[in-house]
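I have placed the structure first, in the form of structure tokens, so that the comments after it can refer back to it.
Protein chains in written order, with our numbering: chain A, 90 to 242; chain B, 5 to 593.
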């Protein structure tokens with residue numbers, strides 16, 4: 090029994106060390122908690138900022154759509170049939186009669202084509218990978234890849 | 005550690021512990037609180053906004069891409085009652101600049117200092133154009149910068165804080181009256197009326213969505229997207245439409261007609277190049293529709309029915325030639341009268357024209373001859389052809405308000421044998437100009453009858469879909485079509501008709517129809533018509549003219565035929581059709 094007590098006393102720490110250990114552990118947990126909280130707050134703030142940006146961009150997109158439609162209508166007003174006729178008359182043009190028209194054969198010209206108003210189809214998007222595949226494969230796959238790499242002569 | 009220090013730290017720890025417990029307790033209480041649902045509703049009310057997402061209405065273009073119906077930015081003006089400072093200033097502004105009743109507005113927005121407003125926002129006016137908005141904004145700026153304290157009638161300082169503008173799109177028609185009878189219009193409720201706007205209302209309007217939109221920026225991605233309504237490219241040519249409308253208006257004025265319509269079609273495709281109708285209206289003032297159209301007045305005469313008169317003889321002759329009942333050189337001795345089903349039919353001049361071949365019957369527009377031809381065909385054959393030509397059915401043109409007309413058939417309660425005689429020259433049958441155009445497209449297009457259409461393509465989801473020309477049927481053979489076209493061209497040439505166009509060979513037929521009233525055909529008023537197409541060796545246009553009740557002359561040959569000629573003179577220039585001689589010489593072998 091004395092022997093056990095002696096061993097315990099030999100390996101037990103002094104009270105002040107125990108206190109330091111306690112305080113240290115508490116501080117370590119506190120710092121860890123703070124770090125997690127800071128990261129969380131930071132990510133949340135960034136997400137909220139991006140969210141606000143998205144909302145603002147959506148409003149901008151809506152405003153631009155309205156503006157485009159409005160400008161298209163305004164352009165149509167100033168190029169309407171009546172306005173264009175007025176402008177042509179002002180510039181000295183006159184409507185021709187069938188007898189005044191001169192007709193020419195233009196090889197390859199097949200006449201006026203009807204309006205194509207749909208936006209042209211987008212070019213095929215080239216897939217670009219910003220991140221090296223080495224960072225997105227598992228460790229096992231990476232090792233396998235390294236093992237089976239072709240060797241030089 | 006000293007005892008008093010230990011006590012202090014312990015007290016602090018207990019205090020923080022109690023505070024933490026209190027917070028945890030409150031959190032738990034909120035979760036199990038009896039009014040939890042009410043709080044949740046309040047939370048949703050303040051963190052979400054109920055929004056109706058109205059997609060922009062699709063635009064309408066002519067065949068070359070000129071905008072006929074678009075959208076412009078307008079503004080709703082309202083007042084945010086929570087931030088409003090002086091209701092009297094707002095009511096004064098609404099009265100001065102928006103023409104609103106001062107007292108009515110004040111009563112709607114002023115709830116005193118103590119009383120809570122039953123709503124958050126009050127709409128003062130809508131569809132305010134941009135220039136008017138700028139004027140109001142200047143006024144607001146002036147008031148907010150220059151107002152002296154306490155100068156308002158209620159003792160407060162004049163202020164227009166709380167007045168807000170909400171932008172949105174509204175329909176606009178840059179060409180105003182041009183093609184108004186084809187387009188129709190859209191009400192403030194985004195509902196299409198008449199024409200293409202009504203026929204394609206659902207397609208143009210798109211699908212609106214009413215959703216709760218989160219104001220939480222973390223949920224910004226949840227705002228749903230709405231696709232805009234589909235846009236339409238019409239077959240209408242703006243320049244041809246403008247020319248034809250101008251000609252129609254002049255013709256109505258010079259003939260003293262009540263109204264009229266001119267239709268221009270490409271007989272090979274069924275494309276409607278122009279469809280003028282009178283009266284017309286500025287679509288930007290659609291609320292004045294009642295000023296232009298009386299209760300029973302059709303919005304578009306082109307799809308309205310009437311008794312066509314002698315232009316219908318083209319159909320009768322086509323049927324007779326195709327069925328073999330007569331041939332081109334078949335002769336008929338016109339004695340000036342024929343009895344069909346108990347009634348005696350006379351010619352338009354009550355005269356007897358003697359021996360005539362079939363071209364002569366058409367050239368002199370002999371009712372007696374055409375009635376005889378119908379009897380030679382027999383009722384079953386004649387009416388089968390009329391059905392094949394599409395009469396009694398909608399033509400399928402994409403315009404609201406099209407009517408079927410009235411085709412009486414053997415076996416119907418209101419059909420008599422006499423109808424066989426009268427129907428042969430376009431009396432006792434009601435058809436629409438668009439039906440006539442469709443039927444006669446078979447004669448102008450090698451026997452193939454084209455479905456008339458006004459939509460060339462549809463633009464939806466950034467893709468343009470072409471509307472393919474449709475053959476409605478082949479009621480007559482190509483041989484019959486060529487023979488009849490030649491007969492009608494000769495009849496115009498021999499008659500030295502005013503419908504002829506120098507340099508271009510055209511085929512056509514006049515029509516003068518008496519108008520039936522309650523006591524029969526007693527009125528001296530008529531419907532004057534003309535149908536024609538050309539150039540006869542390669543028809544590129546088919547024109548139908550109808551003038552309602554002309555007063556200077558009742559005859560189609562006098563008032564409608566020259567209108568056709570004038571239209572063709574413009575068409576050949578606008579459609580780049582050289583005179584026949586030049587065109588035939590230009591053809592590359």
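Ideal placement from N, C-alpha and C gives every residue a C-beta, glycine not left out.
Every value quoted in this text rests on a predicted model; they were computed, and no experiment measured them.
For residue i, which of the options has the nearest alpha-carbon?
i	options	result
residue 476(B)	442(B), 350(B), 588(B) and 163(B)	442(B)
residue 173(B)	149(B), 337(B) and 74(B)	74(B)
residue 221(B)	149(A), 107(A) and 145(A)	145(A)
residue 171(B)	169(A), 149(A) and 172(A)	149(A)
residue 2(B)	480(B), 581(B), 329(B) and 66(B)	Given that chain B is displayed from residue 5 to residue 593, the structure contains no residue 2(B) and the question cannot be resolved.
residue 570(B)	27(B), 504(B), 207(B) and 89(B)	504(B)
residue 302(B)	265(B), 532(B) and 31(B)	265(B)
residue 313(B)	436(B), 53(B) and 168(B)	436(B)
residue 466(B)	207(A), 104(A) and 226(A)	207(A)
residue 133(B)	36(B), 175(B) and 567(B)	175(B)
residue 62(B)	212(B), 494(B) and 427(B)	212(B)
residue 469(B)	204(A), 229(A) and 227(A)	204(A)
residue 490(B)	507(B), 83(B), 363(B) and 276(B)	363(B)
residue 210(B)	102(B), 219(B), 229(B) and 246(B)	229(B)
Between residue i and residue j, which are expected to be in contact by the criterion C-beta below 8 Å, what is the C-beta distance as a whole number of angstroms?
i	j	result
residue 430(B)	residue 355(B)	The Cβ separation is near 19 Å, so there is no contact.
residue 274(B)	residue 456(B)	5 Å
residue 414(B)	residue 378(B)	Contact flag wrong, Cβ pair sits at about 12 Å.
residue 565(B)	residue 447(B)	The pair is not a contact, with the Cβ atoms about 18 Å apart (cut-off 8 Å).
residue 370(B)	residue 338(B)	6 Å
residue 572(B)	residue 525(B)	Between residue 525(B) and residue 572(B) the Cβ distance is about 31 Å, and since that is not below 8 Å, they are no contact.
residue 453(B)	residue 478(B)	7 Å
Go ahead and pull the three-state DSSP assignment for residue i.
i	result
residue 300(B)	coil
residue 513(B)	strand
residue 521(B)	strand
residue 237(B)	strand
residue 241(A)	Because the pLDDT of residue 241(A) is 49, which lies under 50, any placement of that residue in the model is unreliable, and the number read from its coordinates should be weighed accordingly. Looking at residue 241(A) - three-state DSSP - the assignment turns out to be coil, as it is neither helix nor strand.
residue 212(B)	coil
residue 281(B)	strand
residue 91(A)	helix
residue 361(B)	strand
residue 275(B)	strand
residue 407(B)	coil
residue 425(B)	helix
residue 50(B)	helix
residue 533(B)	strand
residue 204(A)	coil
residue 133(A)	helix
residue 589(B)	helix
residue 18(B)	helix
residue 584(B)	helix
residue 174(B)	strand
residue 56(B)	strand
residue 12(B)	helix
residue 167(B)	strand
residue 132(B)	strand
residue 294(B)	helix
residue 198(A)	coil
residue 143(B)	helix
residue 118(A)	helix
residue 176(A)	helix
residue 151(B)	coil
residue 98(A)	helix
Any heavy atom of the ligand MG within a distance shorter than 7 Å of the CB on residue i?
i	result
residue 449(B)	Annotation note on the ligand MG: not contained in the displayed structure, which lists no ligands.
- Query: At a Cβ cut of 7 Å, what residues of the segment 72-104 of chain B count as close to chain A, listed as they run along the chain?
  - Reply: 74, 75, 76 and 77
- Query: When Cβ atoms are compared, which residues of the segment 120-141 of chain B fall closer than 9 Å to chain A?
  - Reply: 134
- For the segment 455-466 of chain B, which residues have a CB atom closer than 8 Å to at least one CB atom of chain A, in sequence order? 460, 461, 463 and 466
- Continuous beta strand (DSSP E) assignments of at least 3 residues falling wholly in the segment 452-510 of chain B: Qualifying beta strand (DSSP E) stretches, in chain order: 459-464, 467-470 and 475-477.
- Task: Let me know the beta strand (DSSP E) ranges lying completely inside the segment 334-392 of chain B, each 3 residues or longer, listed in chain order.
- Result: With a minimum length of 3 residues, the continuous beta strand (DSSP E) runs that stay inside the segment 334-392 of chain B are 335-338, 341-344, 347-350 and 358-361.
- Of all the alpha helix (DSSP H) runs that stay within the bounds of the segment 72-124 of chain B, which reach a length of 4 or more residues? Scanning the segment 72-124 of chain B for uninterrupted alpha helix (DSSP H) segments of 4 residues or longer gives 91-102 and 106-113, listed from N- to C-terminal end.
- Task: Note down, in chain order, all residues in the segment 109-134 of chain A with a beta-carbon under 9 Å from any beta-carbon belonging to chain B.
- Result: Shown in chain order are the members of the segment 109-134 of chain A whose Cβ falls below 9 Å from a Cβ of chain B: 133.
- Could you name the residues of the segment 521-548 of chain B whose beta carbon sits closer than 7 Å to any beta carbon of chain A, in the order they occur along the chain? none
- Message: Please identify, using Cβ separations under 7 Å, the residues of the segment 132-155 of chain A that lie next to chain B, in order along the chain.
- Response: 136, 137, 140, 141, 143, 144, 147, 154 and 155
- Chain-ordered residues of the segment 174-192 of chain A with a beta carbon less than 9 Å from chain B: 174, 184, 185, 186, 187, 188, 189, 190 and 192
- Task: Closer than 8 Å, Cβ to Cβ, to anything on chain A: give me those residues from the segment 161-193 of chain B, in chain order.
- Result: 171, 172, 173, 176, 178, 179, 180 and 182
- Item | Under 7 Å (Cβ pairs) to chain A, residues found in the segment 561-578 of chain B | So the close ones are 573, 576 and 577.
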